[in-house]
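Heads up: the sequence shown is residues 3 to 167, going by my numbering. Note that beta-carbon positions come from the ideal geometry of N, C-alpha and C, so glycine has one too. Worksheet for the structure shown next.
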Amino acid sequence: MKNITNVCFVILATLCLQQINKVESKDLISVACSIALHKKDCESSLRSQPESKSADLIGLAKIALKLAEANANRVTSQFSQKLKKESNKYVKEELTDCLEAYQTALEKIEDSIDALASKRFSDASTWVSAAMTEVESCKSALSSNKAFTRYCSNVLAVTNKAAGN
Numbered sequence: 003m004k005n006i007t008n009v010c011f012v013i014l015a016t017l018c019l020q021q022i023n024k025v026e027s028k029d030l031i032s033v034a035c036s037i038a039l040h041k042k043d044c045e046s047s048l049r050s051q052p053e054s055k056s057a058d059l060i061g062l063a064k065i066a067l068k069l070a071e072a073n074a075n076r077v078t079s080q081f082s083q084k085l086k087k088e089s090n091k092y093v094k095e096e097l098t099d100c101l102e103a104y105q106t107a108l109e110k111i112e113d114s115i116d117a118l119a120s121k122r123f124s125d126a127s128t129w130v131s132a133a134m135t136e137v138e139s140c141k142s143a144l145s146s147n148k149a150f151t152r153y154c155s156n157v158l159a160v161t162n163k164a165a166g167n
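Okay, structure coming up:
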């Protein structure tokens with residue numbers, strides 16, 4: 003009888019811990035985005051990624067970085083396509099400048115990914131901030147500065163939480 007009681011207690015304790023972990027993982031995205039400038043955007047973008055369900059704070063920061071990187075890759079591709087078709091010299095110069103800005107921003111995002119992998123949170127934040135600054139100069143109508151800046155802002159918020167701030 004005593005063994006049955008012990009087994010029941012272990013099973014009950016295990017089930018309780020599993021429920022606590024589920025609640026904590028659901029709320030982790032809210033915690034990670036709690037200091038984001040655009041909380042709803044931060045939460046929805048992270049929740050849209052299936053791997054976020056099992057991610058810790060560092061994993062969520064990596065996901066946020068990947069979203070920023072994907073956005074910058076999309077914009078870079080758009081600039082490249084438009085540049086091939088454009089004949090106006092001044093528009094070509096503007097597109098070239100923006101293309102270079104986003105390519106540099108992508109390099110900085112890649113540096114951030116490396117820094118985050120080594121838990122160098124301050125370095126990761128510095129590189130993300132530099133990427134945001136890089137694309138600020140791009141005024142092209144094709145530019146998706148706002149989306150890229152929001153993704154980067156989300157990265158900064160989640161990275162700060164991962165660093166314990």
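- Burial state of residue 39 is exposed, judged by a 10 Å Cβ sphere holding fewer than 16 other Cβ atoms.
- DSSP places residue 125 within a helical segment (H, G or I) once states are collapsed to three.
- Here residue 94 has 88 as same chain residues with Cβ atoms under 6 Å from its own Cβ, once five neighbours each way along the sequence are excluded.
- Close CB contacts of residue 112 within its chain, under the 7 Å cut and outside five residues either way in sequence, are absent.
- Its chain contains 103, 106, 107 as the residues whose beta carbon lies nearer than 6 Å to that of residue 136, once the 5 sequence neighbours on both sides are disregarded; these appear in chain order.
- Distance from the CA of residue 69 to the CA of residue 63, rounded to the nearest whole angstrom, comes to 10 Å.
- In the DSSP assignment, residue 43 falls within the unbroken alpha helix (DSSP H) covering 41 to 49.
- Distance check between residue 167 and each of 47, 37, 29 places 37 closest, using alpha-carbon atoms only.
- A residue is called buried once 16 or more other Cβ atoms fall within 10 Å of its Cβ, and residue 92, having fewer, is exposed.
- It is roughly 7 Å from the alpha-carbon of residue 149 to the alpha-carbon of residue 73.
- At a Cβ-Cβ threshold of 9 Å, residue 123 and residue 90 do not count as neighbours.
- Cβ atoms of residue 48 and residue 114 stay farther apart than 8 Å, at about 16 Å.
- Per DSSP, reduced to three states, the secondary structure at residue 139 is coil, with no helix or strand assignment.
- Taking C-beta atoms as the reference points, residue 45 and residue 56 fail to come closer than 9 Å.
- Its chain contains 101, 104, 105, 108 as the residues whose beta carbon lies nearer than 8 Å to that of residue 78, once the 5 sequence neighbours on both sides are disregarded; these appear in chain order.
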